[in-house]
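Under this note's numbering, the first residue of the sequence shown is numbered 4, with each subsequent residue one higher. Don't be surprised by glycine CBs; every beta carbon is placed ideally from N, CA and C. Keep in mind that this is a model prediction, so the values were computed, not measured. All remarks here apply to the structure that follows.
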Amino acid sequence: MPNEVKSLNEECGLFGIWGSNENETAGLIHDGLHSLQHRGQEGAGIVVMDNEHHIHRHRGLGLVSQVFSDNYVFDDLKGNIGIGHVRYATAGSHGVKNIQPFTFHLDDFTDFSLAHNGNLTNADTLKRTLQSKGASFNSDSDSEILGQLIKMSKQVKFIDRLKEALRQIKGGFAFVLSTGDELIAALDPNGFRPLVIGRREDGSYVVCSETCALDQVNARYIRDVKPGEVVIINNNGITNDFFTNDTNLAICSMEYIYFARPDSVIHNVSVHEARMRMGALCAKENPVDADVVIGVPNSSLSAALGYAKGSNIPYDMGMIKSQYVARTFIEPTQKKRERGVSMKLSVVKSVVEGKKVVLVDDSIVRGTTSKYIVQLLKRSGAKEVHVRIASPALRFPCFYGIDIQTTEELIAANHTVSEIKDIIGADSLGYLSVDSLIKAINLKNDHGEGSGLCTSYFDGKYPTPLYDYQAQFDKSAEELGLYEEDNYIERSI
Ligand code: SF4
Numbered sequence: 004m005p006n007e008v009k010s011l012n013e014e015c016g017l018f019g020i021w022g023s024n025e026n027e028t029a030g031l032i033h034d035g036l037h038s039l040q041h042r043g044q045e046g047a048g049i050v051v052m053d054n055e056h057h058i059h060r061h062r063g064l065g066l067v068s069q070v071f072s073d074n075y076v077f078d079d080l081k082g083n084i085g086i087g088h089v090r091y092a093t094a095g096s097h098g099v100k101n102i103q104p105f106t107f108h109l110d111d112f113t114d115f116s117l118a119h120n121g122n123l124t125n126a127d128t129l130k131r132t133l134q135s136k137g138a139s140f141n142s143d144s145d146s147e148i149l150g151q152l153i154k155m156s157k158q159v160k161f162i163d164r165l166k167e168a169l170r171q172i173k174g175g176f177a178f179v180l181s182t183g184d185e186l187i188a189a190l191d192p193n194g195f196r197p198l199v200i201g202r203r204e205d206g207s208y209v210v211c212s213e214t215c216a217l218d219q220v221n222a223r224y225i226r227d228v229k230p231g232e233v234v235i236i237n238n239n240g241i242t243n244d245f246f247t248n249d250t251n252l253a254i255c256s257m258e259y260i261y262f263a264r265p266d267s268v269i270h271n272v273s274v275h276e277a278r279m280r281m282g283a284l285c286a287k288e289n290p291v292d293a294d295v296v297i298g299v300p301n302s303s304l305s306a307a308l309g310y311a312k313g314s315n316i317p318y319d320m321g322m323i324k325s326q327y328v329a330r331t332f333i334e335p336t337q338k339k340r341e342r343g344v345s346m347k348l349s350v351v352k353s354v355v356e357g358k359k360v361v362l363v364d365d366s367i368v369r370g371t372t373s374k375y376i377v378q379l380l381k382r383s384g385a386k387e388v389h390v391r392i393a394s395p396a397l398r399f400p401c402f403y404g405i406d407i408q409t410t411e412e413l414i415a416a417n418h419t420v421s422e423i424k425d426i427i428g429a430d431s432l433g434y435l436s437v438d439s440l441i442k443a444i445n446l447k448n449d450h451g452e453g454s455g456l457c458t459s460y461f462d463g464k465y466p467t468p469l470y471d472y473q474a475q476f477d478k479s480a481e482e483l484g485l486y487e488e489d490n491y492i493e494r495s496i
């Protein structure tokens, strides 16, 4: 796919606060973003609105601790309302101009800022239309489109402009916005990305991507934002509205499998416990005679514990991870990813030496990491390595906010399970089934039926039309013979 489209994709973390002490706001956003660092490590930014409704912003490339390493930065970030963002982006879209939050000047009375997690599936079309009407973009990011649509709207009230704009964008999106006196949160009609509301003891409200960020700033969880909902927080407290009633919860199952922190709770389901159940069900579906179960740190440890419990094979700490290297999946280039893996993982030899080892991992994307780990375990003396993946095989691209948009990048789209086993050098390989994944997460959608999950990474059943991505997806699916041979998917939704 064209680089310019791919570079729009991102997986990010959001944090917004309303009503905090003006000297504490930026610090609280900083702490919240720090706990969301796993969602994006390429850049971070904070915007604070002062009492005169002026915007103050600091943003930069790197980790939160790097971008905000100088304390003097906080001297310029005073106000009672603010939002922050941590960002992951693909190669080719580096540069401070793409670091959020983005800021906009609407009229003499209104400046606003916004931050986005997700991916818009009709971004190219909307951008072309907006440019033809004179809009001038300051970034390469699809996230800016919402701001430009708000600016172009003929509605009078800000909230009506926002709702009109939200009705035009498609795909996966969670937004936090701040105006001079309001914090606003909005979620797409399928609720692909998590977004929660909480409240601190001082009365301030927080909206953020995961409950771990609420815990970080001592905020009490109130509820998850609903699909299609706009939540408005101002001097009147919390009010809500819906920009559409055509909603159907399909939250990204990869949030439970990999992205979210295990101490987060999404739609009342503990991420750690869901991962434990995935591991236990994987053990039932893929039993093996082995001496020890180990997990790939850190995101697979809950699933490895679950596998050990489900199989009655002892769990042990067979691998450790350096805390100072970024996650491999969200490193932007293959070369950086490979280097990242070798720098971050090491084996506790006494745990695996001479043993038949079950290695539990949360997923296999390209196969690079799995191959390296199997080799590492064998070099460290493991007699056999049986790889168990506590999620189904990733065979289809994601268009809702994850950086895998072509089937070429997915090993399971191009190889059978047996071929993957050989490629990664494992003695056996087993995946969790989609049915068991749904059972393990055990979520209900907002109408009380269905799984409430997006599982299209695994089964190709996309909950929405793909808009600008449909032609590209059809091309890869046809090249791989998915439509004809395997009958995995229907040609159109
Ligand atoms: S396609 Fe996969 S990664 Fe994308 S939203 Fe659906 S489950 Fe999540």
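Item	Value
Inter-residue Cα distance where the pair is Glu288 and Lys447	23 Å
For Lys157, the three-state DSSP class (helix, strand or coil)	coil
Under 8 Å between C-beta atoms of Ala253 and Leu456	yes
Residues sharing a beta bridge with Leu64, DSSP	Gly46
Span of the alpha helix (DSSP H), counted from its first residue to its last, around Val437	437-444
C-alpha distance - Ala416 paired with Asn239, whole-angstrom precision	51 Å
Sequence-distant residues of its chain with Cβ nearer than 7 Å to Ile225 (five each side left out)	Ile200, Gly201, Arg202
Assigned secondary structure, Lys359 (DSSP; H/G/I helix, E/B strand, else coil)	strand
Terminal residues of the alpha helix (DSSP H) in which Val76 lies	75-78
Near the ligand SAM: Tyr460 beta-carbon under 7 Å from a heavy atom	Only the ligand SF4 can be found as ligands here, which leaves the ligand SAM out of the picture.
Three or more C-beta pairs below 8 Å linking the segment 108-121 and the segment 52-62	yes
Distance cut-off 7 Å: Cys15 Cβ against heavy atoms of the ligand SF4	no
Helix, strand or coil at Thr467 [DSSP, three-state]	coil
Proximity below 8 Å, CB of Ile84 to CB of Phe18	no
Beta strand (DSSP E) segment containing Ile241, residue limits	240-245
Touch test, the segment 48-57 against the segment 176-189, Cβ-Cβ under 8 Å, three pairs minimum	yes
Distance cut-off 7 Å: Gly175 Cβ against heavy atoms of the ligand SF4	yes
Pairwise C-alpha distance: Ala286 and Leu497	The question about residue 497 has no answer, for the chain in this structure spans 4 to 496.
C-alpha gap between Ile367 and Ile148, whole angstroms	33 Å
Classification of Asp145 by the beta-carbon crowding that lies within 10 angstroms, buried from 16 upward	buried
Simplified DSSP assignment, three categories, for Thr331	Residue confidence for Thr331 is low, a pLDDT of 49 falling below 50, so the modelled location carries little weight; the figure read from the coordinates is stated next. Of the three classes helix, strand and coil, the one that applies to Thr331 here is coil, per DSSP.
Three-way DSSP call (helix, strand, coil) for Gly95 in this model	Confidence in Gly95 is poor, its pLDDT being 40 and thus under 50, which makes the residue's placement too unreliable to answer from.
Opposing strand residues paired with Phe18 [DSSP bridges]	Gly87, Cys211
Segments of 4+ residues assigned as alpha helix (DSSP H) that fall wholly inside the segment 101-163	126-135, 147-155
Whole-angstrom distance between Gly16 and Ala396, CA atom to CA atom	26 Å
Closest Cα partner of Ala474 within the set Phe105, Asp364, Gln408, Lys381	Gln408
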